[in-house]
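Trainee:
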Amino acid sequence: MKKVLFVPLLLFLLIGWVYLDIEKGVKEAAVAKQSPFHYADFQMYNEGQDLYDSLFSDIQQSKEYIYIHFFIIRNDEISNKFLGLLVDKAKQGVEVKLSTDRMGSFLLKKSMRERLRKAGVQFTFSGKPKFPHLFYTLQNRNHRRIIVIDGTTAYIGGFNMGKEHLDQDKRFGHWEDYHFRIRGDGAQEMERQFLLDWKNNAGDSFPVHTGFLNNGNTRYEYLFTDGKGLAERYQDWIMKASNSIVIASPYFIPGKKMENELLEARKRGVSIKILVPLNRNFPLIKQAAYPYLRELLKHGAEIYLYQNGFFHGKVLSIDGKYVMTGTPNFDTRTFYLNNESVCLIYDGPIIAEIQQKLQDDFRISKRIPDTYFDELNIWDRLLERTISIVSFYL
1 MKKVLFVPLL LFLLIGWVYL DIEKGVKEAA VAKQSPFHYA DFQMYNEGQD
51 LYDSLFSDIQ QSKEYIYIHF FIIRNDEISN KFLGLLVDKA KQGVEVKLST
101 DRMGSFLLKK SMRERLRKAG VQFTFSGKPK FPHLFYTLQN RNHRRIIVID
151 GTTAYIGGFN MGKEHLDQDK RFGHWEDYHF RIRGDGAQEM ERQFLLDWKN
201 NAGDSFPVHT GFLNNGNTRY EYLFTDGKGL AERYQDWIMK ASNSIVIASP
251 YFIPGKKMEN ELLEARKRGV SIKILVPLNR NFPLIKQAAY PYLRELLKHG
301 AEIYLYQNGF FHGKVLSIDG KYVMTGTPNF DTRTFYLNNE SVCLIYDGPI
351 IAEIQQKLQD DFRISKRIPD TYFDELNIWD RLLERTISIV SFYL
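In this text, residue positions in the sequence shown follow full-length UniProt numbering: the first is 1, and each later residue adds one.
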């Protein structure tokens, strides 16, 4: 009898430990780091091939240094081509630093990492589990994408490095994303964050390069978060909306506070349009979103399901004038756990390009009817009720 009671008691204590460890880790996380305003020229990429062509060309033309962090690097043809380019540049004497999330890039082979190091590429994993908050650090992933080349060119957005972004994964089909090449003032801010992450992961400290100040036609700022401060920034933007809010995200699990902020916007007469993918790349993500989408639909929000493959873009647009983009999904993991790199755009021609692209994506998506959630099957209803217990970590 004692043994029978011991197992559930042990499980209860373990769950309690995990919960308290993560809660304390979140409270102790660093506050979001916001940059000053910068001015640069933006170029948007929605297709993986277009992004890789531009990035690989910039890498080949680099003269001084290349700093790159991807959340995911696969063990596939396009990833090996990318890593081969870094090897070539390191052999040419260009300073090359590459980091990637330990969990996101668990398929990156040790033999490839050794090849990189032998060629002179400095490599490190991020996301090493640490005490005293073991479970929190396991959950706290470095979800950033940071690319800085020669202090003048930076990239930020949703693409990682893998064949799925070239529409070569049958599970997803076409992959739609939002990624940006930023040329001009501001690359130093991204470099500074990369080096802070590098010091945290590898222990080595390096100075930020100086002397690259070329202004462009778009005013923007960066926001780098380590699991604290991003939710408040989103809420501030939503509170200031007077006409419209557009949210495009592959994962929509905003949590109660963010949901209430959106409902308050609806009470003010602000229109809300939400775009999520019809097909998801992780199990249970769809059902975890149902309670929030259901409530917003009930209060007049328009909800669309992307039909043309898999949608992975991350965009928040306010009144058609301001855009928040980069790596953040619209979910609690992003707001309270992950390390994210965010770009807030305030003017310039790229705003109109983003708005037009959003319109195109909504146009090929299907708006769900008011009765959508009433017609769910029993299995989806059951999953919706049960998955809410762990939806914070999805």
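The beta-carbon is built from N, C-alpha and C at its ideal position, and this holds for glycine as well.
#1: Tell me the residue span of the alpha helix (DSSP H) that contains SER111.
#2: Could you please give the first and the last residue of the uninterrupted alpha helix (DSSP H) stretch that includes GLU77?
#3: What are the boundary residues of the beta strand (DSSP E) that PHE180 is part of?
#4: What number of angstroms, rounded off, separates the C-alpha of ALA301 from the C-alpha of ARG363?
#5: Is it a yes or a no for the stretch 331-342 touching the stretch 168-185, going by three-plus beta-carbon pairs under 8 Å?
#6: Is it the case that the Cβ atoms of LEU344 and GLU264 are separated by a distance below 8 Å?
#7: How big is the Cα-Cα spacing for LYS199 and GLN92?
#8: Name the residue from LEU166, ILE368, PHE125, ILE274 whose alpha carbon lies nearest to the alpha carbon of SER99.
#9: Quick one: grab the DSSP three-state call for THR152.
#10: Compare the Cα-Cα distances from ILE274 to each of VAL246, GLU95, ILE285, PHE123 and report the closest residue.
#11: Of the residues LEU296, PHE159, THR332, which one's Cα is nearest the Cα of ARG74?
#12: What does DSSP give as the partner residue(s) for GLY326 in the beta ladder?
#13: Answer yes if the stretch 145-156 comes into contact with the stretch 190-208, meaning at least three C-beta pairs across the two stretches below 8 Å, and no otherwise.
#14: To which residues of the same chain is ARG183 closer than 7 Å at the C-beta, ignoring the five residues directly before and after it?
#15: Does ARG233 pass the burial test, meaning 16 or more other C-beta atoms within 10 Å, or should it be called exposed?
#16: To which residues of the same chain is GLY348 closer than 7 Å at the C-beta, ignoring the five residues directly before and after it?
#17: Leaving out five residues before and five after ILE354 in sequence, what residues of the same chain have Cβ atoms less than 8 Å from its Cβ?
#18: What's the C-alpha gap between ILE351 and THR327?
#19: First and last residue of the beta strand (DSSP E) that includes PRO277?
#20: Is LEU337 helix, strand or coil when you go by DSSP?
#21: Could you spell out where the alpha helix (DSSP H) holding MET258 opens and where it closes?
#22: For the structure I just gave you, are there three or more beta carbon pairs, one from the stretch 242-262 and one from the stretch 280-295, closer than 8 Å?
#23: Closest to LYS228 by C-alpha separation, out of TYR52, SER57, MET190, VAL342, would be which residue?
#24: Which stretch, first to last residue, makes up the beta strand (DSSP E) that contains ARG367?
#25: Verify whether the separation of the beta carbon atoms of LEU83 and LEU116 is less than 8 Å.
#26: By a C-beta neighbour count over all protein chains shown, 10 Å radius and 16 as the cutoff for buried, is ILE72 buried or exposed?
#27: Using three-state DSSP, classify ASP380 as helix, strand or coil.
#28: Go to ALA248, then tell me how far its beta strand (DSSP E) extends in each direction, as first and last residue.
Mentor: By the coordinates alone:
#1: Judged by DSSP secondary structure, SER111 falls within the alpha helix (DSSP H) whose first and last residues are 110-119.
#2: It spans 77-91 - the alpha helix (DSSP H) in which GLU77 sits, taken as one unbroken run.
#3: Residues 179-184.
#4: Roughly 16 Å separates the two Cα atoms.
#5: No, they do not touch.
#6: Cβ atoms of LEU344 and GLU264: not closer than 8 Å.
#7: Their Cα atoms are separated by approximately 25 Å.
#8: Comparing alpha-carbon positions, the option among LEU166, ILE368, PHE125, ILE274 lying closest to SER99 turns out to be PHE125.
#9: Here THR152 sits in coil by DSSP.
#10: Checked all of VAL246, GLU95, ILE285, PHE123; the closest Cα to ILE274 is VAL246.
#11: Residue PHE159 is the option with its Cα nearest to ARG74.
#12: According to DSSP, GLY326 bridges with VAL342.
#13: Under the Cβ criterion (8 Å, minimum of three pairs), the stretch 190-208 counts as touching the stretch 145-156.
#14: Closer than 7 Å at the Cβ level, and outside the excluded window around ARG183, lie ALA40, ASP41, THR152, THR153, GLY216.
#15: Counting the other CB atoms within 10 Å of its CB gives ARG233 a total of 16 or more, which places it among the buried residues.
#16: Non-local C-beta neighbours of GLY348 in its own chain, meaning closer than 7 Å and more than five positions away in sequence, comprise PHE42, ASN217, THR218, ARG219, ordered along the chain.
#17: Excluding sequence neighbours, ILE354 sits near MET44, TYR178, VAL315, SER317, VAL323, THR325, ILE345.
#18: Roughly 18 Å separates the two Cα atoms.
#19: Element bounds for PRO277: 271-277.
#20: Looking at LEU337 - three-state DSSP - the assignment turns out to be coil, as it is neither helix nor strand.
#21: From DSSP, the alpha helix (DSSP H) with MET258 extends over 255-267.
#22: Yes, since at least three Cβ pairs between the stretch 242-262 and the stretch 280-295 fall closer than 8 Å, the two stretches touch.
#23: Measuring from the Cα of LYS228, the nearest candidate turns out to be VAL342.
#24: 365-367 is the span of the beta strand (DSSP E), which, as asked, contains ARG367.
#25: Against a cut-off of 8 Å, the Cβ pair of LEU116 and LEU83 comes out as a contact.
#26: So ILE72 ends up on the buried side.
#27: It is helical.
#28: Counting along the chain, the beta strand (DSSP E) containing ALA248 begins and ends at 244-248.
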